[in-house]
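Below: one structure, written as structure tokens.
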Amino acid sequence: MSRFQSHRRIPIRDAQHQDDDDEANASETLANGDEDQGCTKLRPSDHNSTEDLEPFMGVKVRREASRHRDYRGDYIDVPSRPSLMKIIRKQGDDKVLFADKVLKFTASGKMKRRILIITDFAIYMVDPETDTLKRRIALAAVDKFCLSELSDNFLAIIIPTEYDMLLASTRKTQIVTVLVEANKSTSDYELEVVFSNRFEYNASADLVKEVQFEEVEDSSKLRNPKAKSQKFVELKIEESQVSKVGEIGRKRTRYAIRSQTQDLKR
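Residue numbers (UniProt numbering): 1 to 266.
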């Protein structure tokens with residue numbers, strides 16, 4: 001399994017406030033199948049990169065709800081929550097460009113609810129139950145974004161100097177747009193947006209995951225021909241344990257994660 005060869009632009013120390021994947025109170029656990037279960041093979045798609053912010057209308061299939069959505073930016077009213085403002089001001093930030101609740105994939109295969117806050121200079125991941133900072137990522141550390149070409153809610157943020165993040169959000173288009181524009185205002189480096197139905201991300205320092213997306217038909221249509229047909233995007237993940245000398249183990253897990261062509265319930 002080959003990792004994206006990304007150029008590191010700045011040296012970053014250990015990720016600040018690394019999210020603990022072993023918390024006892026996980027918000028949600030994914031329903032996963034047996035290990036080594038056979039997965040439908042996907043034909044690797046060509047990696048389509050963007051040179052502007054219109055790729056979501058072209059390369060990627062958009063959900064109908066996202067085509068006509070009004071963008072507000074701050075969907076949780078951060079200024080009205082002193083605990084959140086304290087977090088970003090402590091880091092020297094003040095202006096909120098985007099804020100919303102998202103789902104974050106952990107290295108151990110769970111999904112946790114997080115508040116995502118984007119400022120001029122950083123990305124913040126906050127525990128919504130306690131309003132505590134779990135991770136802060138400098139915008140300068142972000143290298144690229146990976147999305148499928150289908151109508152789903154998934155987004156990977158690639159951070160070569162730390163570890164990457166795989167998120168689920170109904171507002172992923174806006175998240176990418178805000179981050180690309182924010183980066184333009186502070187750097188000459190243009191963030192890349194890659195579209196592919198198969199890509200890799202580093203879930204932790206020694207764990208690489210390959211994500212595969214496939215559009216599938218609702219099985220209820222097969223049982224009842226009169227039922228209304230619905231399409232889903234199914235996500236499959238293959239894990240590889242790696243070390244400094246190379247790959248040391250691989251595990252294939254089929255996750256029963258399906259993103260319907262309607263908004264993700266938060």
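Where is the CB? At the ideal position from N, CA and C, for every residue including glycine.
Note that this is a predicted model, so its numbers are computed, not measured.
Rounded distance between the beta-carbons of Lys101 and Ile137, thought under 8 Å:
18 Å between Cβ atoms; not a contact.
Chain-order list of residues whose beta-carbon lies under 8 Å from that of Pro128 (same chain, five-residue window excluded):
Lys101, Arg113, Arg114, Ile115
Counting C-beta neighbours from all protein chains within 10 Å, is the total for Pro82 16 or more, i.e. buried, or is it exposed?
exposed
Is Lys90 buried or exposed, if buried means 16 or more other CB atoms sit within 10 Å of its CB?
exposed
Go to residue 275, then tell me how far its beta strand (DSSP E) extends in each direction, as first and last residue.
One cannot answer for residue 275 here, as it falls past the ends of the chain, which runs 1 to 266.
How many Å lie between Lys104 and Ile237 at the Cα?
15 Å
Secondary structure of Leu147, DSSP reduced to three states
strand
Compare the Cα-Cα distances from Asp143 to each of Ile87, Gln212, Glu214, Glu190 and report the closest residue.
Glu190
CB Ile158 to CB Cys146, shorter than 8 Å?
yes
Let me confirm a value: Val216 is counted as buried when at least 16 other C-beta atoms fall within 10 Å, else exposed. Which label applies?
exposed
Using only alpha-carbon positions, find the residue among Ala140, Arg72, Ile175, Glu200 that is nearest to Asn183.
Ala140
Once you ignore the five residues that flank Leu167 on each side, which residues in its own chain have a CB closer than 6 Å to its CB?
Val102, Lys104, Leu155
Taking DSSP as the reference, what is the three-state secondary structure of Glu181?
helix
Which of the three DSSP states is assigned to Ser240 in this structure?
strand
What would DSSP say about Arg72, mapped onto helix, strand or coil?
coil
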